[in-house]
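Read in UniProt numbering, the sequence shown has 135 at position 135, and its numbers run on one by one without any break. Heads up, the beta-carbon is just placed ideally off N, CA and C, and yes, glycines get one too. Okay, so here's the structure we're looking at.
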Amino acid sequence: MTAELRNAQRDEFCRVLSMVAPDAPTLCSGWTAFDLAAHIWILNHEPLAWAGMLLPPFSWLTDREIRRTKERFSYAGLVEEIRTGPASFACMPTDPREDHRHSLGEYFIHTEDVRRPNRLPKQEISPDLAEALWRRLRTASWQLHPFASWEFRTPQGGHGRIGRGPVTKQITGEPSELLMWVYGRTEAARVEIVKF
(Lines of atoms letter the chains of each structure in order from A and count residues from 1; the text may use other names and numbers.)
(Lines give C-alpha, C1' and ligand atoms only; values in the text may rest on other atoms or scores of the structure.)
Protein backbone atom coordinates (compact mmCIF):
# COMPACT_ATOMS: atom_id res chain seq x y z
CA MET A 1 0.00 0.00 0.00
CA THR A 2 2.73 2.48 0.90
CA ALA A 3 4.53 1.87 -2.40
CA GLU A 4 1.38 3.06 -4.16
CA LEU A 5 1.24 6.13 -1.90
CA ARG A 6 4.92 6.79 -2.61
CA ASN A 7 4.32 6.58 -6.36
CA ALA A 8 1.34 8.92 -6.10
CA GLN A 9 3.40 11.39 -4.04
CA ARG A 10 6.21 11.27 -6.60
CA ASP A 11 3.62 12.16 -9.26
CA GLU A 12 2.34 14.99 -7.06
CA PHE A 13 5.90 16.27 -6.60
CA CYS A 14 6.35 16.35 -10.38
CA ARG A 15 2.95 18.00 -10.88
CA VAL A 16 3.83 20.75 -8.40
CA LEU A 17 7.25 21.27 -9.99
CA SER A 18 5.51 21.65 -13.36
CA MET A 19 3.35 24.44 -11.92
CA VAL A 20 6.30 26.70 -11.05
CA ALA A 21 9.25 28.23 -12.87
CA PRO A 22 12.73 26.70 -12.46
CA ASP A 23 13.81 29.67 -10.32
CA ALA A 24 10.76 29.48 -8.03
CA PRO A 25 11.61 29.66 -4.32
CA THR A 26 11.46 26.66 -2.00
CA LEU A 27 11.52 26.14 1.74
CA CYS A 28 15.08 24.80 1.34
CA SER A 29 17.19 27.86 2.03
CA GLY A 30 19.00 29.03 -1.10
CA TRP A 31 17.51 26.34 -3.34
CA THR A 32 15.21 26.91 -6.29
CA ALA A 33 12.67 24.43 -7.65
CA PHE A 34 15.31 23.36 -10.21
CA ASP A 35 17.84 22.72 -7.41
CA LEU A 36 15.30 20.62 -5.51
CA ALA A 37 14.47 18.59 -8.62
CA ALA A 38 18.20 17.98 -9.13
CA HIS A 39 18.50 16.89 -5.49
CA ILE A 40 15.76 14.28 -5.97
CA TRP A 41 17.34 13.01 -9.19
CA ILE A 42 20.74 12.72 -7.45
CA LEU A 43 19.22 10.44 -4.79
CA ASN A 44 18.98 7.77 -7.49
CA HIS A 45 21.86 8.53 -9.79
CA GLU A 46 24.89 10.07 -8.06
CA PRO A 47 26.16 8.02 -5.09
CA LEU A 48 29.15 10.31 -4.47
CA ALA A 49 26.81 13.21 -3.80
CA TRP A 50 25.06 11.32 -1.00
CA ALA A 51 28.00 11.91 1.34
CA GLY A 52 27.44 15.65 1.13
CA MET A 53 23.82 15.25 2.18
CA LEU A 54 24.86 13.53 5.41
CA LEU A 55 28.25 15.03 6.20
CA PRO A 56 28.58 18.83 5.96
CA PRO A 57 32.33 18.76 5.09
CA PHE A 58 31.37 16.97 1.87
CA SER A 59 28.48 19.26 0.91
CA TRP A 60 30.59 20.53 -1.98
CA LEU A 61 30.06 17.12 -3.65
CA THR A 62 26.31 17.57 -3.50
CA ASP A 63 26.53 21.16 -4.75
CA ARG A 64 28.73 20.06 -7.65
CA GLU A 65 26.33 17.29 -8.66
CA ILE A 66 23.35 19.63 -8.49
CA ARG A 67 25.16 22.01 -10.87
CA ARG A 68 26.08 19.17 -13.22
CA THR A 69 22.54 17.78 -13.21
CA LYS A 70 21.12 21.22 -14.05
CA GLU A 71 23.61 21.52 -16.92
CA ARG A 72 22.71 18.07 -18.22
CA PHE A 73 18.90 18.49 -18.20
CA SER A 74 16.43 21.26 -18.87
CA TYR A 75 14.02 21.86 -15.99
CA ALA A 76 11.12 20.22 -17.84
CA GLY A 77 13.38 17.36 -18.91
CA LEU A 78 14.51 16.75 -15.34
CA VAL A 79 10.93 16.73 -14.05
CA GLU A 80 10.10 14.14 -16.72
CA GLU A 81 13.15 12.06 -15.72
CA ILE A 82 11.88 12.01 -12.14
CA ARG A 83 8.31 11.22 -13.22
CA THR A 84 9.34 8.26 -15.40
CA GLY A 85 12.31 7.01 -13.38
CA PRO A 86 12.36 4.75 -10.34
CA ALA A 87 10.23 5.94 -7.45
CA SER A 88 12.45 4.29 -4.83
CA PHE A 89 15.74 5.97 -4.03
CA ALA A 90 18.97 4.05 -4.56
CA CYS A 91 20.45 5.83 -1.54
CA MET A 92 17.78 4.26 0.70
CA PRO A 93 18.37 0.51 0.32
CA THR A 94 16.42 -0.33 3.49
CA ASP A 95 13.33 1.62 2.40
CA PRO A 96 11.40 -1.50 1.28
CA ARG A 97 11.75 -2.88 4.83
CA GLU A 98 10.16 0.33 6.10
CA ASP A 99 7.33 -0.19 3.57
CA HIS A 100 8.64 2.69 1.44
CA ARG A 101 7.75 5.29 4.07
CA HIS A 102 11.19 6.94 3.92
CA SER A 103 10.89 7.72 0.21
CA LEU A 104 7.24 8.68 0.70
CA GLY A 105 8.34 11.15 3.37
CA GLU A 106 11.01 12.63 1.08
CA TYR A 107 8.54 13.17 -1.74
CA PHE A 108 5.93 14.63 0.60
CA ILE A 109 8.32 17.05 2.30
CA HIS A 110 9.87 18.23 -0.95
CA THR A 111 6.45 18.66 -2.56
CA GLU A 112 5.55 20.97 0.31
CA ASP A 113 8.94 22.69 -0.01
CA VAL A 114 7.79 23.86 -3.45
CA ARG A 115 4.05 24.22 -2.81
CA ARG A 116 4.02 26.43 0.28
CA PRO A 117 6.28 29.35 -0.67
CA ASN A 118 4.57 29.52 -4.07
CA ARG A 119 1.09 29.52 -2.51
CA LEU A 120 -0.17 26.59 -4.53
CA PRO A 121 -3.40 24.84 -3.47
CA LYS A 122 -3.08 22.56 -0.47
CA GLN A 123 -2.83 18.83 -1.11
CA GLU A 124 -5.75 16.72 0.08
CA ILE A 125 -4.39 14.19 2.57
CA SER A 126 -6.23 10.87 2.41
CA PRO A 127 -6.61 8.78 5.59
CA ASP A 128 -4.13 6.24 4.16
CA LEU A 129 -1.55 8.94 3.44
CA ALA A 130 -2.05 10.48 6.89
CA GLU A 131 -1.49 7.06 8.49
CA ALA A 132 1.68 6.42 6.46
CA LEU A 133 3.06 9.87 7.32
CA TRP A 134 2.24 9.28 11.00
CA ARG A 135 4.18 6.02 10.89
CA ARG A 136 7.11 7.75 9.13
CA LEU A 137 7.07 10.45 11.83
CA ARG A 138 8.36 8.17 14.58
CA THR A 139 11.28 6.84 12.56
CA ALA A 140 12.16 10.26 11.15
CA SER A 141 12.03 11.78 14.64
CA TRP A 142 14.64 9.52 16.15
CA GLN A 143 16.78 9.62 12.97
CA LEU A 144 16.82 13.41 12.79
CA HIS A 145 16.58 14.20 16.53
CA PRO A 146 18.18 11.25 18.38
CA PHE A 147 18.44 13.00 21.73
CA ALA A 148 14.97 14.57 21.81
CA SER A 149 12.25 13.57 24.25
CA TRP A 150 9.01 14.73 22.63
CA GLU A 151 5.36 13.83 22.58
CA PHE A 152 3.32 14.11 19.38
CA ARG A 153 -0.46 14.53 19.29
CA THR A 154 -3.00 14.85 16.50
CA PRO A 155 -6.36 16.65 16.69
CA GLN A 156 -8.00 13.24 16.18
CA GLY A 157 -6.48 11.89 19.40
CA GLY A 158 -3.42 10.13 18.02
CA HIS A 159 -0.33 10.31 20.18
CA GLY A 160 3.22 9.05 20.15
CA ARG A 161 6.46 9.68 21.95
CA ILE A 162 10.16 9.58 21.17
CA GLY A 163 13.09 9.59 23.53
CA ARG A 164 13.59 8.74 27.15
CA GLY A 165 13.26 10.80 30.24
CA PRO A 166 10.92 13.69 30.83
CA VAL A 167 9.09 15.05 27.79
CA THR A 168 10.50 18.47 26.88
CA LYS A 169 7.98 19.38 24.15
CA GLN A 170 4.47 18.41 23.17
CA ILE A 171 3.83 19.06 19.49
CA THR A 172 0.25 18.92 18.17
CA GLY A 173 -0.85 18.91 14.55
CA GLU A 174 -1.92 16.77 11.64
CA PRO A 175 0.58 13.99 10.82
CA SER A 176 1.65 15.86 7.67
CA GLU A 177 2.36 19.02 9.68
CA LEU A 178 4.19 17.13 12.42
CA LEU A 179 6.41 15.54 9.77
CA MET A 180 7.13 18.97 8.27
CA TRP A 181 8.18 20.18 11.71
CA VAL A 182 10.41 17.16 12.38
CA TYR A 183 12.10 17.63 8.99
CA GLY A 184 13.07 21.15 10.05
CA ARG A 185 10.33 23.16 8.32
CA THR A 186 9.46 24.68 11.68
CA GLU A 187 8.30 28.06 10.32
CA ALA A 188 6.04 26.49 7.68
CA ALA A 189 4.60 23.67 9.80
CA ARG A 190 1.13 24.28 11.21
CA VAL A 191 1.67 22.91 14.71
CA GLU A 192 1.18 23.97 18.30
CA ILE A 193 4.10 23.48 20.67
CA VAL A 194 4.05 23.34 24.45
CA LYS A 195 7.47 23.34 26.11
CA PHE A 196 7.97 21.78 29.52
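The Cβ atoms of Leu-27 and Ala-140 do not sit closer than 8 Å to each other. By the neighbour-count criterion, in which 16 or more other beta carbons inside 10 Å mark a residue as buried, Ala-21 falls on the exposed side. In the three-state reduction of the DSSP assignment, Gly-105 falls in the helix class. Contact fails between the region 160 to 176 and the region 29 to 43, because fewer than three Cβ pairs, one in each stretch, are under 8 Å apart. A residue is called buried once 16 or more other Cβ atoms fall within 10 Å of its Cβ, and Glu-112 is buried on that count. In the displayed model, Ile-162 falls within a strand according to three-state DSSP.
Classified as exposed, Ser-126 has fewer than 16 neighbouring CB atoms from the shown chains inside 10 Å of its CB. By DSSP's assignment, Ile-42 forms no beta bridge with any residue. Assignment of Glu-187 by DSSP, reduced to helix, strand and coil, places it in the coil class.
With a cut-off of 8 Å on Cβ pairs, the region 115 to 126 is not in contact with the region 152 to 165, counting fewer than three such pairs.
Around the C-beta of Ala-76, fewer than 16 other C-beta atoms lie within 10 Å, and the residue is accordingly described as exposed.
As DSSP reads the structure, Gln-9 sits in no beta bridge. Annotation: Val-167 is outside any beta strand (DSSP E) and is labelled neither H nor E by DSSP.
Shown here, Val-194 sits in a strand according to DSSP, grouped into three states. The Cβ atoms of Asn-118 and Phe-89 lie no closer than 8 Å to each other. Cα atoms of Phe-108 and Glu-12: separation of roughly 8 Å, rounded to the nearest angstrom.
Contact between Pro-175 and Leu-133 holds, with the beta-carbon distance rounding to 4 Å and staying under 8 Å. Assignment of Arg-67 by DSSP, reduced to helix, strand and coil, places it in the helix class. Ala-49 is a Cβ neighbour of Glu-65, given a cutoff of 8 Å. Looking only at Ile-40, Leu-129, Val-182 and Gly-173, the smallest Cα-Cα distance to Val-191 is reached by Gly-173.
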